[in-house]
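Mapping of the sequence shown onto the numbering used here: residues 1 to 250, in sequence order.
All C-beta atoms, glycine included, are put in the ideal place defined by N, C-alpha and C.
Since the structure is predicted, the reported quantities are computational estimates derived from the model, not experimental observations.
Data block below; observations after.
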Amino acid sequence: MAGHSKWNNIKHRKAGQDAKKAKVFTKLIRELTVAARDGGGLVEDNPGLRTVVEKAKAAQMPKDTMERAIARGAGGEEGSSLESLTYEGYGPGGVAIYVETMTDNRNRTVSEVRHAFSRAGGNLGTDGSVAYLFDKLGVITFAPGVDEDEVIEVAIEVGAEDVVADEDGSVEVLTRPEAFLEVKDALSGKGFEPDSAEVSMVPQNYSDLDLETGEQVLRLLNALEDLDDVTNVYTNANFPDGMNEDDVGG
């Protein structure tokens with residue numbers, strides 16, 4: 001799981017930096033609005049909405065901003081033209097890339113996604129071309145220093161699929177998507193507050209990259225994440241140890 005942790009760490013550092021930009025909140029407002037539109041505005045009755053609320057909290061979105069977006073979505077008017085679409089393709093080095101978007105203009109979105117791939121030396125594929133290489137799982141990550149044995153005991157007891165210790169001492173708890181919130185709540189209730197928690201597309205296997213190819217892949221991932229319509233980007237790239245947050249550039 002080292003590759004997943006490596007990208008997760010890079011991604012979350014970048015998310016923290018980008019949280020200062022209105023673009024991040026704009027994307028989250030779309031997700032909140034659509035989640036409320038599709039499943040209702042009560043967080044306790046809408047697991048999908050609660051997952052997005054947790055994501056918005058992690059990005060330090062103000063509570064009133066979240067509440068307004070939820071109210072608009074629950075009213076059924078806002079977000080009516082938005083739809084969730086996914087795109088799949090290959091980046092430099094043949095790594096698989098899975099892109100989730102939310103858009104009111106699919107022609108614009110596919111054009112922008114295709115351009116990002118081609119500009120970075122990748123190729124946009126057809127539906128299903130890389131999705132089979134990923135599993136949709138809840139991923140709950142704890143920073144180095146957490147008591148691994150206690151986390152394992154609690155997580156397995158409440159239905160986690162797996163617990164993986166990374167080389168740096170961090171611990172990842174993997175769950176089925178429908179069990180994600182229950183497992184996260186159980187761990188929090190025992191005093192284990194995660195460093196990050198999300199429902200993610202987790203690679204079944206990883207593609208090792210050298211430093212040069214890793215930087216090329218990161219440029220593509222960043223270009224995709226910077227698109228207004230893109231909500232999440234996943235890859236099976238396993239970045240080399242020589243890479244760090246300074247390598248995350250435009």
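Check your understanding: What's the gap between the Cα of residue 230 and the Cα of residue 70?
Key -> 20 Å
**Study point:** Top-ranked residue by Cα proximity to residue 56, from 191, 120, 29
**Key:** 29
Point to revise | Collapsed DSSP secondary structure at residue 232 in the structure displayed | key: strand
Check your understanding: Where does residue 149 fall in DSSP's three states?
Key -> helix
Review point. Residues in its own chain within less than 6 Å of residue 187 by CB, not counting five upstream and five downstream?
Key: 154
Check your understanding: Residue ranges of each alpha helix (DSSP H) run of no fewer than 4 residues wholly in the segment 70-103, ordered along the chain?
Key -> none
Review point. Does the separation of the CB atoms of residue 42 and residue 116 fall below 9 Å?
Key: no
Review point. Quick one: what does DSSP say residue 130 is sitting in, helix, strand or coil?
Key: coil
Practice item. Count the CB pairs spanning the segment 97-114 and the segment 151-165 that are closer than 8 Å, and state whether there are at least three. Key: no
Point to revise | Exposed unless 16 or more other CB atoms sit within 10 angstroms - verdict on residue 241 | key: exposed
Exercise for review: Look at residue 141 and residue 183 and say whether their C-beta atoms are less than 9 Å apart.
Suggested key: no
Practice item. With a threshold of 16 other CB atoms inside 10 Å of the CB of residue 92, please say whether the residue is buried or exposed. Key: buried
Check your understanding: Hey, out of 146, 72, 53, whose CA is closest to residue 263's CA?
Key -> As shown, the chain starts at 1 and ends at 250. That puts residue 263 outside it, with no answer to give.
Practice item. Over the uninterrupted alpha helix (DSSP H) stretch that includes residue 54, give me the two end residues. Key: 47-58
Review point. Is the beta carbon of residue 88 less than 9 Å from the beta carbon of residue 131?
Key: yes
Review point. Does the distance from the CB of residue 86 to the CB of residue 127 come in under 9 Å?
Key: yes
Review point. DSSP on residue 43, reduced to helix/strand/coil?
Key: helix
Practice item. Inspect the beta-carbon positions of residue 174 and residue 139 and report whether they are closer than 9 Å. Key: yes
Practice item. Kindly list the residues whose CB is nearer than 8 Å to the CB of residue 176, restricted to its own chain and excluding five residues on each side of it in sequence; keep chain order. Key: 137, 138, 159, 161
**Study point:** alpha helix (DSSP H) segment containing residue 160, residue limits
**Key:** Looking at the DSSP string, residue 160 is not in any alpha helix (DSSP H), and its letter there is neither H nor E.
Point to revise | Three-way DSSP call (helix, strand, coil) for residue 248 in this model | key: At residue 248, the pLDDT of 49 sits below 50, so the modelled position is not reliable; the number obtained from the coordinates is stated separately. Note: residue 248 maps to coil in three-state DSSP.
Practice item. Tell me whether residue 213 is buried or exposed, calling it buried when 16 or more other Cβ atoms sit within 10 Å of its Cβ. Key: buried
Practice item. Kindly indicate which residue of 205, 90, 193, 104 has the alpha-carbon position closest to the one of residue 224. Key: 90
Check your understanding: Smallest Cα separation from residue 95: which of 73, 34, 129?
Key -> 129
Review point. The alpha helix (DSSP H) spanning residue 225 covers which residue range?
Key: 211-225
Exercise for review: Report the rounded CA-to-CA distance for residue 209 versus residue 123, giving the unit in angstroms.
Suggested key: 17 Å
Exercise for review: In angstroms with no decimal places, state the Cα-to-Cα distance between residue 236 and residue 200.
Suggested key: 12 Å
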